[in-house]
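Working notes for the structure below.
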Amino acid sequence: MRFSLRLNNDLPVHEYIRLAKAAESAGFDQFWVSDDLFLRGAFVILTAVAAGTTRIQIGTCIVNPYT
């Protein structure tokens, strides 16, 4: 069984890094961030998360294909 954490993209980037590290330490397997047109870019958030973690898988769960 895999455990994932999914968040919206409305927090400061440093909070995602903190939450991803906590999820990784707790044994979560995946960390997902949605991408919303009017909020922070998910790819920027996930790049910061990737730099701050070592094992957890990351991904976008919603991406707007038109912007």
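Sequential numbering of the sequence shown, starting at 0, is according to numbering that gives the first Met the number 0.
We treat Cβ as the ideally placed atom computed from N, Cα and C, and that holds for glycine.
Residue 27 and residue 15 have their C-alpha atoms spaced approximately 14 Å apart. Residue range 41 to 51 is occupied by the alpha helix (DSSP H) that includes residue 42.
Counting along the chain, residue 3 sits inside the beta strand (DSSP E) bounded by residues 3 to 6.
C-alpha of residue 19 to C-alpha of residue 37: approximately 22 Å in a straight line. Check the Cα spacing between residue 43 and each of 53, 52 and 32: the tightest is with 32.
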